[in-house]
Amino acid sequence: MNGPAPGIRPPTGGWNASVGVGRMPEQRSAVRVGTAGDVRPPLLASRLHPPALGESVLARPRLLRRLDAGSAGPVTLVSAPAGWGKSTLLAAWTRLVGGSSGEGAEVRPDGSVVEAARPVPAWVSVEAGDDGDRLWSYLAAALRAGTGPGRDSAQVPDRPPRPDQLELLAAGLAAREEPVLLVLDDLHRVTDPAALTGLDFLLRHAEQRLRLVVGARAGLPLAVHRLRLAGELTEIGPDELAFTDDEVADLLTAHGVALSGAALHRLRERTGGWPAALRFAALALQRQPDPSRWVEQFGGDQPDVAGYLHEEVLAAVEPAARELLRRTALAETVCADLADALTGGSDAERTLADLAGDGGLLRRDESRPPWYRCHPLLADLLRAELTRLPADELRELHLRAAGWYADNGRPAEGLRHALAGGHWDRATEIFVAQWPELAPYDRSDFGAPAPAPPPPEVVRRDPELALAYAAERAHAGDPPAATAHLHAAVAVVDTLPAQRRDRFLRLATAVELTLARLAGDHAEVRAAVARLIRAHPTPPGPSDLAAPSGEPATGPVQRSAPASGVRAPEPLAAPVAGGPRGSATEDAELRAFAGTALGLVELAEGQLPSARFARALGAAREAGRLRVELVCASRSALLDAVQGRLRAAEASARAALAMPPCHGWACRLDCAYAQLALAVVALHRDQPEEVAGNLALARAATGESETPAGAGSPVVETTAAAVAALCRAQLLHDRGEVAAGHRLLAEARHRIADRPAAVELAYQLLAADADLLGARGDLEAARDLLAGPLRDQVEPLASVAVALAPVAVALARVELRAGDPRAAGRALPDWAAPEAERWSLPVRVDAGLLDAVLARHGGDERRAGRTLERVLDLAGPEGVRRVFTRADPAVRDLLAAHLDTGTAHWSMVSDLVRGADEPAERGPVEPGPTLEEPLTERELTILRYLQSILSNVEIASELSLSVNTVKTHVRNIYRKLDATRRREAVRRARELRLI
């Protein structure tokens, strides 16, 4: 077994009795196999039976069901490093399937166990030193047990078979009605691939009548790549073996330990769900007077965990690879170039790939070049070993890291390492040269440990160093420490010469702005921006930082003194002495930094400041500030998508996701904004599968999290959450879950009800909600919902304000559905007026489409055709489809008639007619049959892509996955849906109401 990892514990209701634990065939000390004259050593019965399970072993039905499903195919591989519960899981499943009835059993989704007709598995535990002869002796005994008495059993030779014997055995297996199920535990212990030649031959030629379930750590001698490519491999890895929050709670309950939801979630995060570590933690928590406090201190340097990691994990790693692991533990994530910089080598790429592949010690992301990270507990242990390095050697490592990060667009990490290594001059240099990049635009670094602060005498000589420390602490989400060091820096500012003092005060104001943004003090952010602008030697003109139309302009803010006591410096006549960067670059830096800060404030208030971010994006590119550029590009992408500028949004989002700061699990919030932009683009193009997939990747921005109640609420980005609600509500409507969509929109409207600046968002949510009410026939409620905002409209509805346009269009649709085209015409705003060009494109196209429908309803076919042609002119370049394909039947009739009268968009219109037919044919989704093995969330996402014309390569690009990963998911989808090709899988999924 793989150490003390927990496996399965009987659930309430007497699971032991159902499974048949204790009723397996009696184990004997040894079993002799061979002829009477055979002098070969006896076979150990303990190696031919699954090990016994302890009383506190946890039931994990989801994994047992995965094994049930996988064992229906040729090979199932459970692969993970030591301590992940592989042997325990396989033993539990083998005992479950091999119950006393001899007919097997299976686990239902609710965890209950039922008898089922299935082959009874045979078991072999592989040991170190097994050569081909010894291993085959055990395989032969297991095969005989699996085939049962008779002719098939007699065909199994005692020694490694000759080719003719293998062919005879393969033919016998292929002729069987029921397959033979063989469980091989710890198969990685076989180091000679030739030892498994016979088994590999049987797999290829027994016509799937031999099925393997394999547990292994790494270096599997089977032809895994061939099996994977042929779709004959089911894989269960660390991600699936990791304990969920519910399973952690069950494990702790079995050990008599009670933890709060927050502490339980924290324990799972600290352990990464690693079963062995959780078992150690459960045992230790039984003796702790304050379990929650102990969880906060739990790490890989705990004696039991450290000992296990040393003996079971690191002992198998080559010394050179282990040294690389230790030195790169200085960083949270690492790429090959950074690893080479830290080790002084040149071959880290191969070592990292090996450790992430066969070794499973590292996780790899899908970026190019790839980034890697350790399991958190292993990282703890390695960092503890780092502290035992000589002080000079450790300082040198930090200096190398600081240099690499500063030179590769990650100055925040560079500053942290410069401070941690006590390289004060380097820290000041990074801060002064790269201060615009040091604002905390993401919360992924929050909670980073504080480096030792610089000594007071160094701060007196170099006050900017204290500012650098304050910036680092702000970036780590520690405002109190940042404020304290800001005060310490200001206290000695009078000792600086005039020009350096002016630079210092501007940098201090930038730190103040950052702290105000962290505190959510929007007034102070605007005030700090005003001070920065006034302090600049050549303040940007009104157009550079002008507020978008209808938004409060940023101007001088009168205040007695900043919160930190920093006085706003007087404007200078000379350029800022900030280093070698010229005044033009410094001006661009200021515009990028200040514009981004104002845009983030306005976005948090619910505004849609697309022009603000567009200007800041241009300034960031001009200044060469990648981090600020990523922030602006991702937000600009979302705002462009909301406005219907779909091509620009898609280009910006994909460019943002390809930027280096997005690699290595960094900048997750910015990447999430880009994914949300792609979701909105897909929504307007009526690609529901892509909407769902991108929404799943946008959780960091939308506030959706797996964090349980009480474990700390995720930060909700106001605008992003509202846009995500709009997308999800439309998907729910498409699936016939109108009531659920209505509830979702009502909650989103409630969340922004206290934000007066979010008027445009509020009206979009209101209009979408009214459309859902109208779709389910509640026209009076929809009319009442829309009446309030329009009641106060002074001008005629034909000239409504930009924000009210979606409300007026929704009201016109409600009136048309109510059978009153005249009222609909009165409500419909003039979508062709010059001021309508400021509306979002989907709203304008929707209004034009309604206008065409009303014209046709009134008998004016010519005007209807002309109007529709203009609408198509608007929608075509951006690929807007949803307003056509998900509209009422009258739109489909209008489009079909337009094909007959002639159009410059014949291909587009014919495609829209087909698209409009599909939802009508599908209708509302009713509960249907379920799969024996449910699709995972990722498989559902890829299944939705299979409806499109995208190739596997294109799907991989869309989801930022490797092509092999997509192919593996596609094969699993085919297997679960009992399909052999793409079209068949899609048809089957629609029958099951999965799409």
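Quick note: the sequence shown, position 963, residue 963 per the working numbering, numbers continuous. The beta-carbon is built from N, C-alpha and C at its ideal position, and this holds for glycine as well.
Rounded to whole angstroms, Ser367 and Cys335 show a C-alpha spacing of 10 Å. Closest in C-alpha terms to Asp893, from the list Ala916, Gln687, Gln297, comes Ala916. Where Thr495 is concerned, there is no enclosing beta strand (DSSP E), because DSSP gives it neither an H nor an E. Judged by beta-carbon spacing, Thr509 lies within the 8 Å limit of Arg531, meaning their Cβ atoms are closer than that value. In this structure, Asp185 keeps its C-beta atom at 8 Å or more from the C-beta atom of Ser260. Its chain contains Pro453, Ala466, Leu467, Tyr469, Ala470, Arg473 as the residues whose beta carbon lies nearer than 8 Å to that of His485, once the 5 sequence neighbours on both sides are disregarded; these appear in chain order. In the structure shown, the three-state DSSP call for Cys662 is helix. As the crow flies, the alpha-carbon of Val628 is around 38 Å from that of Ser292. In the structure shown, Glu235 falls within a strand segment according to DSSP collapsed to helix, strand and coil.
A check of alpha carbon separations from Ala491 across Arg654, Arg322, Pro479, Val459 identifies Val459 as the nearest. Per DSSP, Val313 is not a residue of any alpha helix (DSSP H), being assigned neither H nor E. Put simply, the backbone Cα of Gly865 is about 7 Å away from that of Ala852. By the 16-neighbour rule on beta-carbons within 10 angstroms, Gly414 is buried. Check the Cα spacing between Arg983 and each of Ala746, Ser951, Val57, Ala651: the tightest is with Ser951. Between Trp435 and Leu338, the alpha-carbon positions lie close to 22 Å from each other. With 16 or more other CB atoms across the displayed protein chains lying within 10 angstroms of its CB, Ala418 is buried. Under the 10 Å beta carbon count, Thr191 is surrounded by fewer than 16 other beta carbons and is classified as exposed. Ser87: not part of any beta strand (DSSP E); member of the alpha helix (DSSP H) spanning 86–97, first to last residue.
Taking the C-beta atoms as reference points, Val180 is found nearer than 8 Å to Leu173. If you draw a 10 Å sphere on the C-beta of Pro456, you find fewer than 16 other C-beta atoms in it, and that means exposed. Counting of Cβ neighbours within 10 angstroms places Asn694 among the buried residues, the total reaching 16 or more.
In this structure, the straight-line span from the alpha carbon of Leu726 to that of Ala768 is close to 7 Å.
In this structure, Ile942 keeps its C-beta atom at 8 Å or more from the C-beta atom of Val986.
Judged by their CB atoms, Val883 and Leu828 are not nearer to each other than the 8 Å cut-off.
Rounded to whole angstroms, Leu626 and Gly409 show a C-alpha spacing of 7 Å. Burial check for Pro688: the Cβ neighbour count within 10 Å reaches 16 or more, so the residue is buried. Taken through DSSP and simplified to helix, strand or coil, Gly357 comes out as coil. Taking a C-beta distance under 8 Å as the contact criterion, Leu382 and Leu325 qualify as a contact pair. Inside the region 112–180, DSSP marks whole alpha helix (DSSP H) runs of 4 or more residues at positions 132–147, 151–154, 163–174, from first to last along the chain. Distance between Glu933 and Arg60, taken at the CA atoms: about 15 Å. Per DSSP, the beta-bridge partners of Trp371 are Cys335. Rounded to the nearest whole angstrom, the C-alpha separation of Trp136 and Asp130 is 9 Å. Contiguous alpha helix (DSSP H) elements confined to the region 843–894 occur at 861–878, 882–885, taking only those with 4 or more residues. Ala412 carries a helical assignment under DSSP once its states are collapsed to helix, strand and coil.
For Ala141 and Val57, the gap between their C-alpha atoms comes out near 29 Å. Arg400 and Asp407 have their C-alpha atoms roughly 11 Å apart.
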